[in-house]
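Residue numbers (my numbering), protein chains in the order written: chain A, 1 to 117; chain B, 1001 to 1113. Since the structure comes first, as structure tokens, the remarks are kept for the end.
So this is what it looks like as structure tokens:
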């Protein structure tokens, strides 16, 4: 069975410090990978998605970046955190699209609560 | 521009009664819709989905209805249970082939015992 891991679970960082959140998926190959953020009082905002190693698409301009150094590893980074980067960060995966497939459900990790002070 | 909207941020329902959560969308090209349930400090979990070729899908206590002409979908929970208390997100499939989903802002459901 497939599992998705995220760490750390919680993180408190000062403004201006760097960030690295890691997500790994087990039990599947070549998944689509996603980073979402849930800010206080807001829905799930898609930040980045990746359809393969080294392939990153950014959905919104921001202070964050993403990388996919390995097939099942997705990293969210920042060189200098802002107060507005606080939120609940979620990693998700889905199977790649194949011909004839109707949909691909996304499976979410447990999330990382980031507080920037 | 919010393409998927959940206009009710919260809903309270008595245990045993029906919960109805609503979702509206603006893009007529969306072809697949999902509902996710989220508990605090956890990732969302998939609940139920519906293709645009259908108008109803049922799974136990959960039923999703789709009205394409109105660009509206709803989730019915009958009977509601205290364990259903959570935030519910609707999501729509962006028909780009990459399976990006556009999520709504969520509705917090509280089922009162």
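The beta-carbon is built from N, C-alpha and C at its ideal position, and this holds for glycine as well.
Q. Would the beta-carbon of residue 50 of chain A fall within 7 angstroms of that of residue 64 of chain A?
A. Mapped onto the first chain, residue 50 of chain A falls at position 50. Mapped onto the first chain, residue 64 of chain A falls at position 64. Taking C-beta atoms as the reference points, residue 50 of chain A and residue 64 of chain A fail to come closer than 7 angstroms.
Q. Name the chain B residues that come within less than 8 angstroms of residue 105 of chain A, Cβ to Cβ?
A. If you number the first chain from 1, residue 105 of chain A lands on position 105. Per Cβ cutoff of 8 angstroms: 1034, 1046 and 1049.
(Q) Looking at residue 1011 of chain B: is its Cβ nearer than 7 angstroms to the Cβ of residue 1107 of chain B? (A) As a first step, residue 1011 of chain B must be located in the second chain, where it is residue number 11. As a first step, residue 1107 of chain B must be located in the second chain, where it is residue number 107. In this structure, residue 1107 of chain B lies closer than 7 angstroms to residue 1011 of chain B by Cβ.
**Q.** Buried or exposed (CB count within 10 angstroms, at least 16 for buried), residue 1017 of chain B
**A.** Locating residue 1017 of chain B in the second chain gives position 17, where the first residue counts as 1. With fewer than 16 Cβ atoms within 10 Å of its Cβ, residue 1017 of chain B is classed as exposed.
Q: Could you tell me whether the Cβ atoms of residue 109 of chain A and residue 23 of chain A are closer together than 7 angstroms?
A: Within the first chain, the letter at position 109 stands for residue 109 of chain A. Within the first chain, the letter at position 23 stands for residue 23 of chain A. Cβ atoms of residue 109 of chain A and residue 23 of chain A: closer than 7 angstroms.
(Q) Looking at the strands, I want to know which residues DSSP matches up with residue 107 of chain A. (A) Here residue 107 of chain A corresponds to residue number 107 of the first chain, with the count starting at 1. According to DSSP, which records beta bridges pairwise, residue 107 of chain A is partnered with A:93.
Q: Would you decide whether residue 1039 of chain B is buried or exposed? Buried here means 16 or more other CB atoms lie within 10 Å of its CB.
A: By 1-based counting over the second chain, the position of residue 1039 of chain B is 39. Burial call: exposed.
**Q.** Limits of the beta strand (DSSP E) - the one that residue 52 of chain A falls within
**A.** On the first chain, position 52 is the one that residue 52 of chain A refers to. From DSSP, the beta strand (DSSP E) with residue 52 of chain A extends over 44-52.
Q. Per DSSP, residue 1056 of chain B forms a beta bridge with which residues?
A. For the purposes of this step, residue 1056 of chain B is taken as residue 56 along the second chain, with counting starting at 1. The partner list for residue 1056 of chain B (beta bridge, DSSP) reads B:1065.
Q: Within its chain, find whatever has a CB closer than 6 angstroms to the CB of residue 12 of chain A; leave out the 5 residues flanking it on each side and keep chain order.
A: Position 12 of the first chain holds residue 12 of chain A. Same-chain partners within the cutoff: 115.
Q | Interface flag, residue 1026 of chain B vs chain A, CB-CB below 7 angstroms | A | Counting from 1 along the second chain, the entry for residue 1026 of chain B is found at position 26. No, its Cβ sits nowhere closer than 7 angstroms to a Cβ of chain A.
**Q.** Cβ neighbours of residue 2 of chain A in the same chain (closer than 6 angstroms, five flanking residues each side left out)
**A.** Taking the first chain and counting its residues from 1, the one referred to as residue 2 of chain A is at position 2. Answer for residue 2 of chain A: 27 and 28, listed in chain order.
**Q.** Where residue 19 of chain A falls: helix, strand or coil (DSSP)
**A.** Residue numbering aside, residue 19 of chain A sits at position 19 when the first chain is read from its first letter. Of the three classes helix, strand and coil, the one that applies to residue 19 of chain A here is strand, per DSSP.
Q: Go through its chain and collect everything with a Cβ distance to residue 88 of chain A's Cβ below 6 angstroms, but skip five positions before and after it.
A: Within the first chain, numbered from 1, the residue matching residue 88 of chain A stands at position 88. For residue 88 of chain A, where only same-chain residues beyond five positions count, the Cβ hits under 6 angstroms are 38, 111 and 113.
**Q.** Cβ neighbours of residue 1063 of chain B in the same chain (closer than 6 angstroms, five flanking residues each side left out)
**A.** What you label residue 1063 of chain B is simply residue 63 of the second chain in a count that begins at 1. Only 1076 meet the Cβ criterion.
Q. DSSP puts residue 1111 of chain B in a beta bridge; with which residues?
A. Within the second chain, the letter at position 111 stands for residue 1111 of chain B. B:1013, per the DSSP bridge assignment.
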